[in-house]
Structures are given as C-alpha cells and as structure tokens.
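So the number in my numbering is just where the residue sits in the sequence shown, counting from 1, plus 11.
All residues carry an ideal CB built from backbone N, CA and C; glycine is no exception.
One structure is given below, encoded as structure tokens.
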Amino acid sequence: MTGGVSFTVKAEGASAVGRALVGLQLRMRDLRPVLTEIGAALLTSVQRRFEDEQGPSGAPWAPIQRAGAILRDSGRLFQSLTYAVAATFVEIGTNVIYGRIHQEGGWAGRGHSVFLEARPYLGLDEPDRREMLDITNDYIREVLP
C-alpha cells in the first residue's frame with residue numbers, strides 16, 4: 012500500500028490467531044461432517060412434518076377423504092425419506108416416484124384423471140435455518156480458541 016499504513020496478519024507461525032486460521036482453513040476443506048449433521052437435523056424436521064401434517068410454512072396439509080393419516084397410507088413415502096451428503100452440499104428427499112406429485116400437487120392416475128392437492132413436506136422453515144446456522148457455528152467454533 013503505497014503512501015498509506017497497513018498491517019498484515021498471516022495464517023502461519025505459532026501465534027494463536029495463526030493456528031486458529033490454519034485450523035479453520037483445514038476444517039473448511041471437508042464440509043461433509045457438518046453437512047451430515049445438517050442433513051440429519053433436516054430429515055428430522057421433514058419427518059416431524061409428517062407427524063404434524065403440515066408443510067414448511069406451517070400451513071396444514073389439505074384433508075383427505077378417507078380415514079387415516081395424510082401421506083401415510085402405506086408408510087412407503089415416509090420410510091423412503093433420506094439425505095445424501097456430498098463435498099459441498101446435502102440433499103434431502105425421496106426416490107419414491109409419487110413423492111413429487113404429493114409435494115407439488117397436480118393431476119395423477121390413469122389418464123391424469125385425479126387431482127391431488129399439494130401437501131409439501133420438503134423445504135426449509137425458520138427453525139430449520141436457525142438450526143443450520145447453529146450447527147455450522149458450532150462446527151467452526153470447535154477449532155477456534
């Protein structure tokens with residue numbers, strides 16, 4: 012910096028700041044541990060929505076005509092919910108083909124003759140966002156003095 016004043020902090024050496032920055036840099040290279048924890052928390056949140064029969068917004072799911080729990084006829088959709096972790100993201104969802112029509116709503120059945128109301132179960136609500144931040148902050152704090 013020509014004509015000004017500055018100071019430099021390097022992430023090296025024996026200083027506590029340097030060690031913390033190096034530890035943080037190493038920790039951030041592999042996000043799978045924190046993403047695994049986030050995935051587990053979000054999966055629990057989605058499963059709770061099935062119990063509460065409401066979407067991420069808190070709005071109740073549209074009622075059904077038959078007796079029983081909504082989206083729990085066979086239990087297959089609920090049991091298929093899972094998460095997958097990659098290096099930089101976590102994905103929560105289902106591989107059940109009819110999962111999408113229940114999430115988004117639309118025409119289904121032979122000849123698309125039946126209209127199904129959307130009953131969203133995937134998505135983030137404010138408590139999910141806070142939980143993800145808390146998990147991430149805890150993950151970072153583990154290497155800071």
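Residue range of the unbroken beta strand (DSSP E) whose run includes residue i
| i | result |
| --- | --- |
| isoleucine 103 | 101 to 104 |
Among the options, nearest to residue i - alpha-carbon criterion
| i | options | result |
| --- | --- | --- |
| threonine 93 | Gly110, Gly69, Arg30 | Gly110 |
| tyrosine 132 | Glu48, Ile81, Arg38, Pro44 | Ile81 |
| valine 101 | Glu62, Val45, Phe126 | Val45 |
| glutamine 65 | Thr99, Thr147, Asp136 | Asp136 |
| glutamate 48 | Thr105, Thr147, Gln58, Arg60 | Thr147 |
| threonine 105 | Glu142, Leu88, Ala119 | Leu88 |
| serine 85 | Val107, Pro74, Gly69, Thr99 | Val107 |
| aspartate 139 | Ser26, Gly69, Ala27, Glu62 | Gly69 |
| aspartate 149 | Leu35, Gly29, Arg30 | Leu35 |
| arginine 60 | Leu155, Arg130, Arg141 | Arg130 |
| glutamine 58 | Arg77, Ile103, His123, Val33 | Ile103 |
| proline 74 | Arg30, Glu128, Pro67, Val28 | Glu128 |
| proline 71 | Ala78, Ile151, Leu155, Glu62 | Glu62 |
Limits of the alpha helix (DSSP H) - the one that residue i falls within
| i | result |
| --- | --- |
| glycine 117 | Run containing glycine 117: none in the alpha helix (DSSP H); it sits in the beta strand (DSSP E), 117 to 119. |
| arginine 38 | 27 to 38 |
| aspartate 139 | 137 to 152 |
Strand pairing of residue i, partner residues [DSSP]
| i | result |
| --- | --- |
| leucine 127 | Gly117 |
Closer than 7 Å: residue i CB and nearest the ligand SAM heavy atom
| i | result |
| --- | --- |
| isoleucine 112 | This structure simply doesn't include the ligand SAM, nor any ligand for that matter. |
Inset, instruction - Could you tell me whether the region 87 to 104 touches the region 45 to 63, where touching means 3 or more Cβ pairs closer than 8 Å? - result: With the cut-off at 8 Å, the region 87 to 104 and the region 45 to 63 touch.
Inset, instruction - Any chance you could list the beta strand (DSSP E) runs of at least 3 consecutive residues sitting entirely within the region 59 to 97, in chain order? - result: The qualifying runs are 93 to 96.
Legend entry - Stretch-stretch touch, CB-based, cutoff 8 Å, three pairs: the region 106 to 125 with the region 31 to 40: These segments do not touch.
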